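Q:
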Amino acid sequence: MTSTTRKSPYREGIIDSSPFILLIIPFATLFGVIATEAGLNVVETMAFSIVVIAGAAQFTALQLMQENAPTAIVLISALAVNLRMAMYSASLTPYIGAAPLWQRALCAYVTVDQSYVVGISKFEREPDMSVPARVAYFLGAVTPIVPLWYAFTFIGAVVGTRVPESWALDFAIPIAFLAMIAPMFRTAAHVAAALVAVLVSLLTAGVPYSLGLIIAGLAGMIAGAQTELWLERRGAKV
Amino acid sequence: MIETSTLWTVIIVLGIGSFGLRFVFTGLVGSRAMPDWLLRHLRYTAVAILPALVAPQVVWHVATDGVFDIPRATAAVVTLGVGLVTKNVLMAVLSGALTLYGLLYLLG
Numbered sequence: 016m017t018s019t020t021r022k023s024p025y026r027e028g029i030i031d032s033s034p035f036i037l038l039i040i041p042f043a044t045l046f047g048v049i050a051t052e053a054g055l056n057v058v059e060t061m062a063f064s065i066v067v068i069a070g071a072a073q074f075t076a077l078q079l080m081q082e083n084a085p086t087a088i089v090l091i092s093a094l095a096v097n098l099r100m101a102m103y104s105a106s107l108t109p110y111i112g113a114a115p116l117w118q119r120a121l122c123a124y125v126t127v128d129q130s131y132v133v134g135i136s137k138f139e140r141e142p143d144m145s146v147p148a149r150v151a152y153f154l155g156a157v158t159p160i161v162p163l164w165y166a167f168t169f170i171g172a173v174v175g176t177r178v179p180e181s182w183a184l185d186f187a188i189p190i191a192f193l194a195m196i197a198p199m200f201r202t203a204a205h206v207a208a209a210l211v212a213v214l215v216s217l218l219t220a221g222v223p224y225s226l227g228l229i230i231a232g233l234a235g236m237i238a239g240a241q242t243e244l245w246l247e248r249r250g251a252k253v
Numbered sequence: 002m003i004e005t006s007t008l009w010t011v012i013i014v015l016g017i018g019s020f021g022l023r024f025v026f027t028g029l030v031g032s033r034a035m036p037d038w039l040l041r042h043l044r045y046t047a048v049a050i051l052p053a054l055v056a057p058q059v060v061w062h063v064a065t066d067g068v069f070d071i072p073r074a075t076a077a078v079v080t081l082g083v084g085l086v087t088k089n090v091l092m093a094v095l096s097g098a099l100t101l102y103g104l105l106y107l108l109g
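In order, the protein sequence lines correspond to chains H and Y. Per our numbering, the first sequence runs over residues 16 to 253. Per our numbering, the second sequence runs over residues 2 to 109.
(1) Compare the beta carbon distance of Val-174/H and Val-125/H with 8 Å and say whether it is the shorter of the two.
(2) Any idea if Thr-19/H is buried or exposed, counting beta-carbon neighbours within 10 angstroms, 16 or more meaning buried?
(3) Report, in whole angstroms, the separation of the C-beta atoms of Pro-109/H and Leu-95/Y, which I expect to be a contact under 8 Å.
(4) Figure out for me which residue from Pro-115/H, Ile-68/H, Ile-229/H has the closest Cα to the Cα of Gly-16/Y.
(5) Using a Cβ-Cβ distance under 8 Å, would Met-81/H count as near chain Y?
(6) Using a C-beta to C-beta distance shorter than 8 Å, which residues of chain Y count as neighbours of Leu-94/H?
(7) Using CA coordinates, which residue listed in Val-161/H, Leu-214/H, Gly-232/H, Ile-135/H is at the minimum distance from Arg-149/H?
(8) Name the chain Y residues whose beta carbon is nearer than 7 Å to that of Met-102/H?
(9) With 16 other CB atoms within 10 Å as the buried threshold, where does Met-2/Y fall?
(10) Considering only residues of the same chain and omitting the five flanking positions on each side of Ala-220/H, which have a CB-CB separation below 7 Å?
(11) Is there a Cβ of chain Y sitting closer than 8 Å to that of Thr-108/H, yes or no?
(12) Please report whether the beta-carbon of Tyr-124/H lies at a distance below 8 Å from any beta-carbon of chain Y.
(13) Is the shortest distance between the beta-carbon of Pro-189/H and the beta-carbons of chain Y less than 8 Å?
(14) If Ala-113/H sits next to Thr-27/Y, beta carbons under 8 Å apart, how far is it from one beta carbon to the other, in whole angstroms?
(15) Where Thr-100/Y and Leu-116/H are concerned, what is the direct C-alpha to C-alpha distance, given to the nearest angstrom?
(16) Hey, could you find the ends of the alpha helix (DSSP H) Val-96/H is sitting in?
(17) State the Cα-Cα distance for the pair Ala-251/H and Lys-88/Y, rounded to the nearest angstrom.
(18) Whose CA, out of Ser-23/H, Ala-231/H, Gln-241/H, lies closest to the CA of Ala-203/H?
(19) Leaving out five residues before and five after Pro-24/H in sequence, what residues of the same chain have Cβ atoms less than 6 Å from its Cβ?
(20) Could you tell me whether the Cβ of Pro-36/Y comes closer than 8 Å to any Cβ of chain H?
(21) Report all residues from its chain with a CB closer than 6 Å to the CB of Gly-264/H; omit the five preceding and five following residues, and keep chain order.
(22) Could you list which residues in chain Y have their beta carbon closer than 8 Å to that of Arg-140/H, in chain order?
(23) Nearest CA to the CA of Val-96/H: which residue from Thr-10/Y, Thr-5/Y, Leu-22/Y?
(24) I need the boundaries of the alpha helix (DSSP H) containing Leu-184/H, first residue and last residue.
(25) Just to confirm the assignment, what range does the alpha helix (DSSP H) spanning Val-67/H have?
(26) By Cβ distance below 6 Å, which residues in the same chain neighbour Ile-229/H in space, the five residues on each side in sequence not counted?
(27) Are the C-beta of Gly-171/H and some C-beta of chain Y separated by less than 8 Å?
(28) Are the Cβ atoms of Arg-73/Y and Val-83/Y separated by less than 8 Å?
(29) Between Pro-198/H and chain Y, is any beta-carbon pair separated by less than 8 Å?
(30) Closest Cβ-Cβ distance between Thr-19/H and chain Y: below 8 Å?
(31) Strictly under 8 Å for the Cβ-Cβ distance: is Val-68/Y near chain H by that measure?
(32) For Val-68/Y, does the three-state DSSP call read helix, strand or coil?
(33) With 8 Å set as the bound, which would you pick, yes or no: does the beta-carbon of Gly-84/Y sit closer than that to a beta-carbon of chain H?
(34) List, in chain order, every chain Y residue whose beta-carbon is nearer than 7 Å to that of Phe-63/H.
(35) Give a yes or no on whether the C-beta atoms belonging to Tyr-131/H and Ser-64/H are separated by under 8 Å.
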């Protein structure tokens, strides 16, 4: 407790992830619309968003079911799209692994791209945060996102109007992620990791089940780790 | 039409599977120490995965039928550049959005 004037970590999390509010609304609405167009009723659409809570995987599963793909293929594809969540889980473990089990379970349920990127950049920036403060911050970061994901899935399912294509909201997510990760490039190793990951992701774009992303991510992580080791060795020699 | 039974199977199994993926390390490893080599790799998860997630969308965008799109690609470069220089997320988002809409208006 260094200072009483500091904002609570929970509220800081809410503030830091609030830019995503603008993005989550159109995407949740879109899922609601597409799901009802595919013949799902409101209960089914809501169950999908609440139980799975993963935009890209939900869109993938829905599309494959409409194409009458075998259930096993639907599941494998959608889970492959979500495989990055396991990498997020691993990357969060050094920071929140010491929290009580129920808190870790709660954090796991609400781990999405947005909460992960907001959380991990804060934890890296402020390595002295306590574990309870980190959990509070992480839960703060999902507070503006997850309830809106539910609410606007519902609105999309009931109202059924899409956002006009001319708004180019399709590109909102890439812009938000790029803006979030840019301040995380602190060393040459971070840059190397990103460059290799981008290059490999473009080369493996044709790999089925979105597995190119996982290959690219692993390649980038190896590049980052190797660059770090190389920089350390060079630093040690001087 | 999607069969109701297929749909619920997918919702439930996908829900359990997605939770499992999100919980596998935080839940099972918990506070146990992870080896240095693994931590060294995990430090680069965010800066590797997120750019890799975005890159194909920047280069071949779905909204333009997979054709390289100048406004979107430029907006991506501007967002990243402003973010790198200013370290300010909001500035980066605003510059990116301004570039995207400006170019869509000028070129569209």
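No residue lacks a Cβ here, since even glycine has one placed at the ideal position from N, Cα and C. Note that the structure is predicted; figures quoted are calculated from it, not measured.
A: Taking the structure as given:
(1) no
(2) Residue placement at Thr-19/H cannot be trusted, given a pLDDT of 47 that sits under 50; what the coordinates show is reported in the next sentence. So Thr-19/H counts as exposed.
(3) Rounded, the Cβ-Cβ distance is 33 Å, inconsistent with contact.
(4) Ile-68/H
(5) The sequence given here has Gln at residue 81/H, not Met. So, interface residue.
(6) Leu-15, Gly-18, Ser-19, Leu-22
(7) Ile-135/H
(8) Thr-46, Ile-50
(9) exposed
(10) Gly-227
(11) yes
(12) yes
(13) yes
(14) Wrong, their Cβ atoms sit about 10 Å apart, outside the cutoff.
(15) 45 Å
(16) 86-96
(17) 29 Å
(18) Gln-241/H
(19) Ala-148, Ala-151, Tyr-152
(20) no
(21) Since the first residue shown for chain H is 16 and the last is 253, residue 264/H is missing from the structure and cannot be characterised.
(22) Under the 8 Å cutoff, chain Y gives no residues; its nearest Cβ is about 10 Å from Arg-140/H.
(23) Leu-22/Y
(24) Counting along the chain, Leu-184/H falls outside any alpha helix (DSSP H), and DSSP gives it neither H nor E.
(25) 57-67
(26) Leu-98
(27) no
(28) no
(29) yes
(30) Annotation note: pLDDT 47 at Thr-19/H (below 50); position unreliable, coordinate value reported separately. False, the Cβ-Cβ gap to chain Y never drops below 8 Å.
(31) no
(32) strand
(33) yes
(34) Ile-12
(35) no
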